[in-house]
Amino acid sequence: MRSRARRSRALGRLVFLGPGLTYLIVLLLVPLALLITFTLFRRGRFGGIVYEVTGENFTRLVDPLYLEVLVGSLQLAGAATLITLLIGYPTAYLIARLPGRWKTIALVAIVLPFWTNFLIRIYAWIVLLSGPGLVNSALLDLGLIDRPLELLYNRGTIVAGLVYSYLPLMVLPLYAAIERLDPQLREASANLGASPARTFASVTLPLTLPGVFTGCLFVFVPSFGNFIIPELLGGGRSIMVGNLIRDQFLKARDWPFGSTLVLALLAVLVVLLLLQAWSARRA
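Residue numbers (our numbering): 779 to 1061.
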């Protein structure tokens, strides 16, 4: 009877875990195994893979050209994350202080851009910031400028596009962290004579640091690997890691080195995840 009960429990677990395990195996583990395998071989003369074991793909990672792309990607993603945090924390704090009905409306407004296709939103930025676009036209009509500004195809525009695209991913975890904060703690701090700034620095900010770390991770990871925004808003002048990986697979047809770049990107992201978990525990 006991063995039959154990088999029934095991079968029940398998039924519930089966779809998730199948998803992970087919769409994560198998592609990852293929990428790891491709890194061991070299590119053919006309593309494709030649099944000759080599370590050349890993030595190419330290080439100054690719290191420059990696550093530039880190700078752009880091700047976007920092600006998103500076905008997102006050926004989440104000939303958390709103009455119930207005709080719901504000959260819907934050998430509303996600209901529109990502490419459409990026092309809307091109319409706004182009030479004859709405921003330059408005500035010219107001007499603030004499000629159209070059607002597109630079690193600042890329950062602005990343901030706009991933701001909700910062606001939502920050809002959740601030909303869970016990208001009696702030009241106790005020009753003990602390100013609002001291209460924020000593009570609110330390207790919401896990939300800060989570929001920064949610913004940094997709920003670091993004290739659409640098391509469209940057005009291809500022290449990020995502653009480099895409070009290796689709243009250079160098699948082994492209796979090596993907693994390097995954390694960086795993390190960031571990740092985020460690920082959250310390906080």
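Cβ atoms here follow ideal geometry from the backbone N, Cα and C, with glycine treated the same way.
Among the options, the one whose alpha carbon lies nearest that of residue i
i	options	result
Thr-859	Phe-892, Ile-936, Leu-839	Ile-936
Leu-927	Tyr-953, Gly-909, Ala-916	Gly-909
Lys-1029	Ile-814, Phe-824, Arg-784	Phe-824
Val-981	Gly-993, Pro-1008, Ala-968	Ala-968
Pro-1034	Ile-898, Arg-821, Leu-789	Arg-821
Leu-863	Ala-972, Pro-946, Leu-970	Pro-946
Gly-1013	Leu-1043, Leu-812, Gly-939, Pro-974	Gly-939
Thr-832	Phe-819, Pro-842, Val-840	Phe-819
Gly-934	Ser-973, Gly-921, Trp-903	Trp-903
Residue i burial status per 10 Å Cβ neighbour count (16 or more: buried)
i	result
Asn-835	buried
Thr-817	buried
Leu-848	buried
Gln-1026	buried
Tyr-867	buried
Asn-895	exposed
Ile-923	exposed
Ile-888	buried
Phe-794	exposed
Leu-920	exposed
Nearest-angstrom beta carbon gap, residue j and residue i [assumed within contact, 8 angstroms]
i	j	result
Leu-844	Arg-838	The identity of residue 844 in the sequence shown is Tyr, whereas the question assumes Leu. That belief holds up - the Cβ atoms of Tyr-844 and Arg-838 are roughly 7 angstroms apart, short of 8 angstroms.
Ala-874	Ile-803	Not quite, the Cβ-Cβ distance comes to about 40 angstroms (not below 8 angstroms), so this is no contact.
Thr-977	Arg-958	Actually they are not in contact, since the Cβ atoms of Thr-977 and Arg-958 sit about 17 angstroms apart, beyond 8 angstroms.
Leu-929	Leu-897	Their Cβ separation, rounded to whole angstroms, is 19 angstroms, which puts Leu-929 and Leu-897 out of contact at 8 angstroms.
Ala-884	Leu-890	Their Cβ separation, rounded to whole angstroms, is 10 angstroms, which puts Ala-884 and Leu-890 out of contact at 8 angstroms.
Ser-1037	Leu-813	4 angstroms
Arg-1031	Phe-1005	About 17 angstroms; that fails the 8 angstroms criterion.
Val-941	Ile-861	5 angstroms
Same chain only: Cβ atoms within 7 angstroms of residue i, ignoring 5 sequence neighbours per side
i	result
Thr-869	Val-949
Ser-851	Phe-1002, Met-1018, Val-1019
Gly-1065	Absent from the model: residue 1065. The displayed extent of the chain is 779 to 1061, so no value can be given.
Lys-881	Ile-873
Tyr-871	Ile-956
Residue i - DSSP class collapsed to helix/strand/coil
i	result
Gly-856	helix
Gly-934	helix
Arg-821	strand
Ile-923	coil
Val-828	strand
Asn-1081	The question about residue 1081 has no answer, for the chain in this structure spans 779 to 1061.
Ile-1017	coil
Ala-887	helix
Leu-806	helix
8 angstroms Cβ shell around residue i - same chain, five flanking residues per side excluded
i	result
Tyr-901	Leu-1010
Leu-995	Leu-1050, Leu-1051, Gln-1054
Residues of its chain near residue i, where Cβ-Cβ distance is below 6 angstroms and the 5 sequence neighbours each way are ignored
i	result
Gly-993	Met-948, Pro-951, Leu-952
Pro-1008	Ile-936, Ser-1016, Met-1018, Asn-1021
Ala-855	Phe-998, Ser-1001, Phe-1002
Thr-800	none
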